[in-house]
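Sequential numbering from 770 applies to the sequence shown in this note's numbering.
Glycine included, every Cβ here is placed at the ideal spot set by N, Cα and C.
These notes concern the structure reproduced below.
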Amino acid sequence: MTQPGLIHSGVAADEFFRYYVDRAEPLVLATVAQTLGSTYRKAGAQMLIAGDGRVAGLLSGGCLEADLMERARKVLETGEPATVHYDTRSSDDVIWGIGLGCEGAMTILLSRLDRANDYQPFHFASRCRFDQIAASFAVVTQTRNPKYPLGAAFWTQNKHSAPAAVAAAMDVPTPRGAGPSSQVVEAEDATFLVVPIELPPRLLLLGAGPDAMPLVEIAGLMNWQVTVIDHRPAYAIADRFPRARRVLLKPSAELPQELQAGQYDAAVVMSHHLLSDQAYLAALADSSIPYVGLLGPAPRRIRLLHEIGDKAARLSGRLYGPIGLDLGARSPETIALAIVAEIQAVMAGREGGSFSKLAPG
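Okay, here's the thing in structure tokens:
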């Protein structure tokens, strides 16, 4: 990874994290411990702050980050965790530009990550996301018990040291795609925030033509784990897809073996090669992937479904073709945006409509 820019979105946090860990540089982890009313992020959301002023993630959309960075400097210097409370419900306070009348308040825990504490708990969460391991971690957000100091972290390897109620909460499974919700546990004169780790979606892209490149780029920016497969040596080149986790040169006939070996949350068929797309759809019909997108017009979809015969029925309710939301897309980039937007909406169980049309008043 090259040197990170000044501001990174939260989804780039794992890459940002590895950059500083590889250089053994300390970071400050900002965790939303509690919220009241309407806030940009909810309890469990996190942001990384580096000593050089760079950050990964946003907790407020930008109105609190400048103040957080100032407070993070002290945490970096002293190593002592701290909590800070912001109340944006009043428009009177204009310090740092945070009196925005946003009708919400939040408490944020700042803790230092370094080699001495193995960068925990973010190190554990990052590894779980990379390896697709469902798990939770816990942090102490308030305490009157010296056994559990402010900022103390617990994860799989040390949860036996946490109170039994906390360890039990960490063991509660979170269904994939359910939208992890943090839980506050009061135990032994301390308050623990138990945070389920949200795993990135796994996208299988079947076709590595030029129009696949912006799709992989956008999905990568969202921290999705993308596998690209193509049967053409000129296309299946890793350097063309720097944000893909894997780029594989495979004939379409080998897709069933890949589907048996790996698990995916969504697949997109876009090889622009009729026979390859036919083989891809036939293999995907035998899979349990909940979202199967097909690029191309409706007549092409009808023809392909006819060609795969009885298997077409197995795609009922999960085949999206023509793929993408109706955004008026025409260019490869806007088409990629429409595709990713539809996948996100389907995984979240939403229709993908406009908030302005859904909101009252």
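Taking 4 residues as the minimum length, the alpha helix (DSSP H) runs contained wholly in the stretch 1063-1091 are 1067-1076, in order along the chain. Cβ neighbours of residue 844 within its own chain (closer than 8 Å, five residues either side excluded): 797, 850, 851, 879, 880 and 881.
Apart from the 5 residues on each side of it in sequence, residue 920 sits with its Cβ closer than 7 Å to the Cβ of 850, 878, 880, 908 and 909 in its chain, given in chain order.
Taking a C-beta distance under 8 Å as the contact criterion, residue 934 and residue 953 do not qualify as a contact pair.
No Cβ-Cβ contact shorter than 8 Å links residue 1065 with residue 1101.
Sequence-distant Cβ neighbours of residue 1077 in its own chain, meaning closer than 8 Å and more than five residues away, are 1047, 1050, 1051 and 1054. In the structure shown, the three-state DSSP call for residue 873 is strand. Here the C-alpha atom of residue 799 lies approximately 13 Å from the C-alpha atom of residue 964.
About 7 Å separates the Cβ atoms of residue 974 and residue 984, confirming a contact at the 8 Å cut-off. Per the coordinates, the alpha-carbon of residue 892 lies some 46 Å from the alpha-carbon of residue 1067. Taken through DSSP and simplified to helix, strand or coil, residue 1025 comes out as helix. Contact between the stretch 1054-1063 and the stretch 1079-1098 is established, with three or more Cβ pairs separated by less than 8 Å.
DSSP, reduced to helix, strand and coil, places residue 955 within a strand of the structure shown. Taken atom to atom, the span from the alpha-carbon of residue 1012 to that of residue 995 is near 8 Å. About 4 Å separates the CB atoms of residue 806 and residue 873; that is less than 8 Å, so the two are in contact.
Under the DSSP assignment, residue 796 falls in the beta strand (DSSP E) whose first and last residues are 796-806. The stretch 1111-1126 and the stretch 1001-1011 do not touch, with fewer than 3 CB-CB distances between them shorter than 8 Å. Judged by DSSP secondary structure, residue 999 falls within the beta strand (DSSP E) whose first and last residues are 994-999.
In this structure, the straight-line span from the alpha carbon of residue 897 to that of residue 1040 is close to 32 Å. With contacts defined as CB atoms closer than 8 Å, residue 1033 and residue 1112 fail to qualify as a contacting pair. Distances from the CA of residue 1107 to each of 1029, 980, 1021 and 1072 were compared; the closest alpha carbon is that of 980.
Taking C-beta atoms as the reference points, residue 803 and residue 857 fail to come closer than 8 Å. Annotated three-state conformation of residue 941 is coil, per DSSP.
Beta bridge pairing from DSSP links residue 879 with 799 and 851. With contacts defined as CB atoms closer than 8 Å, residue 820 and residue 794 qualify as a contacting pair. Residue pairing by DSSP leaves residue 1006 without any beta bridge partner. Cβ neighbours of residue 1022 within its own chain (closer than 8 Å, five residues either side excluded): 1048. Apart from sequence neighbours up to five positions away, the residues of its chain that approach residue 982 with a beta-carbon distance below 7 Å are 1009 and 1010, ordered along the chain. Judged by DSSP in its simplified three-state form, residue 1096 adopts coil rather than helix or strand.
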